[in-house]
Ligand code: ZN
């Protein structure tokens, strides 16, 4: 049995266990649909690690570059329910090397397509950029809605959870951090 088929079987059983009839009309194809969707939602677990940090030459003078409103969709590792929102990334390029916009989008997509928590996702994005592109500092801010909080328990609809992570000058220099937040405000 292939992996896709195993997941289909498990979803069929799950539907039975929650008291549903997986053979009724509306649910007949649900196990296949869910298995197919999981391929996409958890793609990061199977793809080779994102490593395309190819930068290009551009004269920079220690100015802060901000890329805001990068959308992301992930699955909370505590409840396997979606959390989603947007990411703002700021960094201070070094050695006159900058990273193209598409690389940021793909880095965020790669790490969000797996079960995760918002803090962990924020930290890994910050860490990967800090370690892989020439920089004097990186800042990452995530704003997200968590369906596990909104649909159950505390039920606080539309509550935005914010997490942030900084390295280099953005961590040590308060002025630059203020600049980071001001730039994000302008971009949104
Ligand atoms: Zn959760």
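Residue numbers (our numbering): 2 to 189.
The beta-carbon is built from N, C-alpha and C at its ideal position, and this holds for glycine as well.
message: In this structure, how does DSSP classify residue 174 when only helix, strand and coil are distinguished?
response: When secondary structure is reduced to three states using DSSP, residue 174 falls in the coil class, being assigned neither helix nor strand.
query: Going along the chain, which residues put their C-beta within less than 5 Å of some heavy atom in ligand 1?
result: Answer in sequence order: 77, 79, 80 and 149.
query: At which residues does the beta strand (DSSP E) containing residue 66 begin and terminate?
result: Where residue 66 is concerned, the enclosing beta strand (DSSP E) stretches over 66 to 77.
query: Alpha carbon to alpha carbon, what distance is there between residue 137 and residue 117?
result: Put simply, the backbone Cα of residue 117 is about 28 Å away from that of residue 137.
query: Closest by CA to residue 5, which one among 37, 57 and 16?
result: The shortest Cα separation from residue 5 among 37, 57 and 16 belongs to 37.
- request: Taking only the alpha-carbon atoms, compute the straight-line gap between residue 167 and residue 139 and give it to the nearest angstrom.
  value: Those two C-alpha atoms are separated by around 6 Å.
- prompt: Between the beta-carbon of residue 178 and the beta-carbon of residue 186, is there less than 9 Å?
  reply: Contact flag unset, no.
- prompt: Cα separation between residue 32 and residue 105?
  reply: Using only the alpha carbons, I get a separation of about 33 Å.
- prompt: For the alpha helix (DSSP H) that residue 33 lies in, which residues bound it at each end?
  reply: From DSSP, the alpha helix (DSSP H) with residue 33 extends over 31 to 42.
query: So residue 10 is in the alpha helix (DSSP H); what residue range does that whole segment cover?
result: Run containing residue 10: 4 to 18, per the alpha helix (DSSP H) assignment.
message: How far does the alpha helix (DSSP H) with residue 96 in it extend, from its first residue to its last?
response: It is not in any alpha helix (DSSP H) - residue 96 carries neither H nor E in the DSSP assignment.
query: When the Cα of residue 52 is compared with those of 73, 159, 100 and 24, which residue comes out closest?
result: Out of 73, 159, 100 and 24, 100 has the C-alpha closest to the C-alpha of residue 52.
- prompt: Are there 16 or more other CB atoms within 10 angstroms of the CB of residue 134, so buried, or fewer, so exposed?
  reply: Here residue 134 is buried: its Cβ has 16 or more other Cβ atoms, across all protein chains shown, within 10 Å.
Whether residue 148 touches residue 86 by CB criterion (9 Å): Result no, Cβ atoms of residue 148 and residue 86 do not sit closer than 9 Å.
task: Say whether the segment 88 to 99 touches the segment 54 to 68, bearing in mind that this needs 3 or more beta-carbon pairs closer than 8 Å, one atom from each stretch.
output: Yes: the two stretches touch, three or more of their Cβ pairs being nearer than 8 Å.
task: Using three-state DSSP, classify residue 48 as helix, strand or coil.
output: In this structure, residue 48 counts as coil in the three-state DSSP scheme.
message: I'd like to confirm the pairing. Which residues does DSSP put opposite residue 87 in its beta bridges?
response: Paired residues: 72 and 144.
message: Does residue 137 come out as helix, strand or coil in the three-state DSSP assignment?
response: If DSSP states are grouped into helix, strand and coil, residue 137 belongs with the strands.
field: Same chain, Cβ closer than 7 Å to residue 170, five either side skipped, listed in chain order
entry: So the qualifying residues of the chain are 93, 137, 138 and 177.
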